[in-house]
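Residue numbers 26 to 204, in my numbering, belong to the letters of the sequence shown in order.
Note that the Cβ used here is the ideal one computed from N, Cα and C, for glycine as well.
A quick write-up on the structure given underneath.
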Amino acid sequence: MKFRLYRYCFSDSSFKQLKKNPPISIVEKINLLENEILKEFLNKQKNNPGIKSLGNEIRRNKVLNELFNKPTYDDKVIIKLTAHYQSYLNTIVASLNKFNNNELYCFVFDEVFRSISNLVDSSSKGADYIHEILSSLNSNFKPKNDSFDIIYVIEMFGFEEFQIIDNSGFSKIIKNSYE
Numbered sequence: 026m027k028f029r030l031y032r033y034c035f036s037d038s039s040f041k042q043l044k045k046n047p048p049i050s051i052v053e054k055i056n057l058l059e060n061e062i063l064k065e066f067l068n069k070q071k072n073n074p075g076i077k078s079l080g081n082e083i084r085r086n087k088v089l090n091e092l093f094n095k096p097t098y099d100d101k102v103i104i105k106l107t108a109h110y111q112s113y114l115n116t117i118v119a120s121l122n123k124f125n126n127n128e129l130y131c132f133v134f135d136e137v138f139r140s141i142s143n144l145v146d147s148s149s150k151g152a153d154y155i156h157e158i159l160s161s162l163n164s165n166f167k168p169k170n171d172s173f174d175i176i177y178v179i180e181m182f183g184f185e186e187f188q189i190i191d192n193s194g195f196s197k198i199i200k201n202s203y204e
């Protein structure tokens, strides 16, 4: 999966893109996430010109449901923020309460990629919006404990071996050719 990794720090309100990769446990989940999205995309576009939306398939995928909101062996959690953007604050606050001793990673789609791919709700937002939410939260409320000074954001902007093209108003996924 092609993605950008960001870090928000509550103690100094900084938000910056990181050049390093996330821990192996998160990379494993990211790889599984990409494989499941590709599987759903390819299944839905089979014998069709492409897809108009993949939201229901992603929502109903058991592997993806297991992947999110479940701590890894090293206490890291990925939370999914791909629905309507108005639900993000509630999801983040609920996750901070539920996983207050875990390292949190918010998963979002880049807005351009989301628009081209039709993967999820067109009203979902990317990393910049998560930054706005966290900054607003931080300026109005101070954490009771120091267990979640840092929140990470994973913003997907493409697939490793596939690309998405417009096919007469449908999003179609094709394998990259490296000739």
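Do you know whose CA, among the options, lies nearest residue i's CA?
| i | options | result |
| --- | --- | --- |
| V52 | H109, I103, D191, S164 | I103 |
| E157 | K27, K41, R29 | K41 |
| E91 | N81, K105, D99, S78 | K105 |
| D174 | V88, R29, K27, Y33 | Y33 |
| I198 | L144, D153, S161 | L144 |
| V88 | E59, P47, K101 | E59 |
For residue i, count neighbouring Cβ atoms within 10 angstroms of its own Cβ and tell me buried if that reaches 16, exposed if not.
| i | result |
| --- | --- |
| F166 | exposed |
| A119 | exposed |
| V137 | exposed |
| D99 | exposed |
| K77 | exposed |
| S196 | buried |
Rounded to whole angstroms, what is the Cα-Cα separation between residue i and residue j?
| i | j | result |
| --- | --- | --- |
| A108 | K150 | 9 Å |
| F182 | F28 | 5 Å |
| I55 | L162 | 27 Å |
| S140 | S164 | 31 Å |
| L30 | S193 | 33 Å |
My output table needs one value for residue i: the three-state DSSP class, helix, strand or coil.
| i | result |
| --- | --- |
| V133 | strand |
| F138 | helix |
| G183 | strand |
| F173 | coil |
| L63 | helix |
Is there a C-beta anywhere in chain B that falls below 8 Å from the one on residue i?
| i | result |
| --- | --- |
| N201 | Looking for chain B here will not work: only one protein chain is present. |
- Item | Segment contact, 8 Å Cβ cut-off, at least three pairs: the segment 76 to 93 with the segment 55 to 67 | yes
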